[in-house]
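Chains A and B, in that order, give the protein sequences. Residue numbers for the first sequence, in the UniProt record's numbering: 1 to 198. Residue numbers for the second sequence, in the UniProt record's numbering: 1 to 227. Have a look at the structure below, then the notes.
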Amino acid sequence: MNTVGLYVPGTSLPYRIPAGVKLLALLGTVTVLVVLADPWVSLGAVLAVVLLYILWGLAAHLWHAFRPVLLFLVAIAVFHAVFTDVHTAVRVCSQLTAVILLAGLVTRTTPVSAMLDLFTRLARPLQHVGVRPERVGLVLALTIRCIPMVAEAWRASREAYVARGLRGGAHRMVVPVIVNLIRSAEALGLALSARGLD
Amino acid sequence: MIRIEHVTHAYGDRVVVDDVSLDLREHRIGLIGANGSGKSTLARMVNGLIVPDTGRVLVDGLDTRDHVKEIRRRVGFVFPDADTQIIMPTVAEDVRIGLRDSGLSRDEIEARVDEALARHGLLEHRDHPAHLLSSGQKQMLALASVLVTEPQILVCDEPTTLLDLRNVRIITETLRTLPQQVILLTHHLDTLSGFDRVLVMDAGKIVFDGAPEDAVAYYVALMEQRP
Numbered sequence: 001m002n003t004v005g006l007y008v009p010g011t012s013l014p015y016r017i018p019a020g021v022k023l024l025a026l027l028g029t030v031t032v033l034v035v036l037a038d039p040w041v042s043l044g045a046v047l048a049v050v051l052l053y054i055l056w057g058l059a060a061h062l063w064h065a066f067r068p069v070l071l072f073l074v075a076i077a078v079f080h081a082v083f084t085d086v087h088t089a090v091r092v093c094s095q096l097t098a099v100i101l102l103a104g105l106v107t108r109t110t111p112v113s114a115m116l117d118l119f120t121r122l123a124r125p126l127q128h129v130g131v132r133p134e135r136v137g138l139v140l141a142l143t144i145r146c147i148p149m150v151a152e153a154w155r156a157s158r159e160a161y162v163a164r165g166l167r168g169g170a171h172r173m174v175v176p177v178i179v180n181l182i183r184s185a186e187a188l189g190l191a192l193s194a195r196g197l198d
Numbered sequence: 001m002i003r004i005e006h007v008t009h010a011y012g013d014r015v016v017v018d019d020v021s022l023d024l025r026e027h028r029i030g031l032i033g034a035n036g037s038g039k040s041t042l043a044r045m046v047n048g049l050i051v052p053d054t055g056r057v058l059v060d061g062l063d064t065r066d067h068v069k070e071i072r073r074r075v076g077f078v079f080p081d082a083d084t085q086i087i088m089p090t091v092a093e094d095v096r097i098g099l100r101d102s103g104l105s106r107d108e109i110e111a112r113v114d115e116a117l118a119r120h121g122l123l124e125h126r127d128h129p130a131h132l133l134s135s136g137q138k139q140m141l142a143l144a145s146v147l148v149t150e151p152q153i154l155v156c157d158e159p160t161t162l163l164d165l166r167n168v169r170i171i172t173e174t175l176r177t178l179p180q181q182v183i184l185l186t187h188h189l190d191t192l193s194g195f196d197r198v199l200v201m202d203a204g205k206i207v208f209d210g211a212p213e214d215a216v217a218y219y220v221a222l223m224e225q226r227p
């Protein structure tokens, strides 16, 4: 699993719910958890989201959704336990866990194209001030597409650096990575033009 | 039909295409030459990516200088590095975006996307992140994304350069079976076997124009003369 390819193909109920409804549900949950600020409600929300993962056949993805923020949550828990109180530590961590897991559920059951369509629709009112909504969608798509491109540019520069027997000094990679990315951006721009998408 | 009339193009002081005139009617056309010979610049002119400094390029009578949108609907272009040609995050999305302004219904678009993916052996990777495909699969995706819009002409700029032998064969076979007119720029000279016409470019000029075997022999001899 990677940062970009989080979508898990499927046909069950969450896949049939429109992206806008899922995002509204996520927003509503965040609002309720923050407004109520009750650790028992937040823990209940965590339990409910975990049950949704299991119910919708995505239990195997629960750990993947949770793992990247585990250390972060531990740090927050320790901070609050030391400087405020255990009650706050439980409340904040359970709020964050519920929201992160729910956001993971939305991401895993919504194709990027559906999300981009939604943002393109949301951007429609902006056409009155000269913004082209389809451009908004394309820019978002390109942003997502460029994440692995940046990672690959970094990996290639790092390999070239190590292959020449050089060590340390990650800052020395910045210039070649930027040069590499500028070259890739130019090529991507050319490809957009060639496909009539510019 | 592509007509290139007295086309010249320079980058600064360096002339890369020097008074080239051609009529390209054949179904399969190869274009070979050393690095920097001007073949990529010439190929990009066919799609309107580069407008010549002097002279003109006509596709079905349309000047690339004035009808760039229409030209790009007619002429598909495949680049050497598929990684920089893939625009969207997932495989199906990259194919689908080419049909954005096609006027087709959502169902028709999905059917066309699935058909293109199936034809290029990518249907099982439909919802996978495009950047996780192998190099060969990425180049097939680049082809599928261009061909789904059904261009009349396909210009391929060294599409096999970054591929292993097996993937070179797959791409070559795919290009052979296409109904479109194909202009292939390549350093894999054996892929030109069976082509209708092969052009050799050197220092911005077409220095040979003929059958594949003769053109390859001319090019090899030309390269052997070089220090």
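Built from N, CA and C at the ideal position, the CB exists for glycine as well. No experiment lies behind these values; they were computed from the predicted model shown.
Neighbour-count burial assignment, residue i, 16 or more Cβ in a 10 Å radius
{"i": "A:G196", "result": "buried"}
{"i": "B:Q225", "result": "exposed"}
{"i": "B:V220", "result": "exposed"}
{"i": "A:R91", "result": "buried"}
Any C-beta of chain B under 8 Å from that of residue i
{"i": "A:N2", "result": "Its pLDDT being 41, under 50, A:N2 is placed unreliably in this model, and the value from its coordinates should be taken loosely. For A:N2, the answer is yes, since a Cβ of chain B falls inside 8 Å of its Cβ."}
{"i": "A:L27", "result": "no"}
{"i": "A:P148", "result": "yes"}
{"i": "A:Y15", "result": "no"}
{"i": "A:V112", "result": "yes"}
{"i": "A:V195", "result": "Looking at the sequence shown, residue 195 of chain A is not Val but Arg. A:R195 counts as touching chain B."}
Residues bridged to residue i [DSSP beta-bridge criterion]
{"i": "B:H9", "result": "B:V17"}
{"i": "B:T54", "result": "B:T8"}
{"i": "B:I206", "result": "B:M201"}
{"i": "A:V35", "result": "None, per the DSSP bridge assignment."}
{"i": "B:I153", "result": "B:V75, B:Q181"}
{"i": "B:V59", "result": "B:I2, B:L62"}
{"i": "B:R28", "result": "B:V182"}
Backbone CA spacing between residue i and residue j [nearest angstrom]
{"i": "A:V32", "j": "B:K69", "result": "50 Å"}
{"i": "A:H64", "j": "B:L123", "result": "26 Å"}
{"i": "A:N2", "j": "B:L31", "result": "The predicted model places A:N2 with a pLDDT of 41, which falls under 50 and marks its position as unreliable, so this point remains unresolved."}
{"i": "A:L138", "j": "B:T41", "result": "27 Å"}
{"i": "B:M1", "j": "B:Q180", "result": "12 Å"}
{"i": "A:V179", "j": "A:L166", "result": "19 Å"}
{"i": "A:M149", "j": "A:L181", "result": "8 Å"}
{"i": "B:E158", "j": "B:G103", "result": "32 Å"}
{"i": "A:G20", "j": "B:H187", "result": "49 Å"}
{"i": "A:A59", "j": "B:N47", "result": "49 Å"}
{"i": "A:L142", "j": "B:M88", "result": "6 Å"}
{"i": "B:I153", "j": "A:L116", "result": "31 Å"}
{"i": "A:E186", "j": "A:A123", "result": "26 Å"}
{"i": "B:T8", "j": "A:G169", "result": "47 Å"}
{"i": "A:L71", "j": "A:I54", "result": "24 Å"}
{"i": "B:H125", "j": "B:L189", "result": "31 Å"}
{"i": "A:P111", "j": "A:A103", "result": "13 Å"}
Check whether residue i and residue j have beta carbons under 8 Å apart
{"i": "B:D81", "j": "B:L147", "result": "no"}
{"i": "B:L49", "j": "B:F77", "result": "yes"}
{"i": "A:P14", "j": "A:T109", "result": "yes"}
{"i": "A:S193", "j": "A:P176", "result": "no"}
{"i": "B:V51", "j": "B:R74", "result": "no"}
{"i": "B:H67", "j": "B:D196", "result": "no"}
{"i": "B:I86", "j": "B:A142", "result": "yes"}
{"i": "A:P133", "j": "A:L140", "result": "no"}
{"i": "B:L192", "j": "B:V216", "result": "yes"}
Closer than 8 Å to chain A by CB, residue i
{"i": "B:V146", "result": "yes"}
{"i": "B:H188", "result": "no"}
{"i": "B:N47", "result": "yes"}
{"i": "B:R56", "result": "no"}
{"i": "B:D127", "result": "yes"}
{"i": "B:I171", "result": "no"}
{"i": "B:Q137", "result": "no"}
{"i": "B:G98", "result": "yes"}
{"i": "B:D66", "result": "no"}
Min CB distance residue i to chain C below 8 Å
{"i": "B:R176", "result": "As a matter of chain content, chain C is missing from the structure shown, whose protein chains are A and B."}
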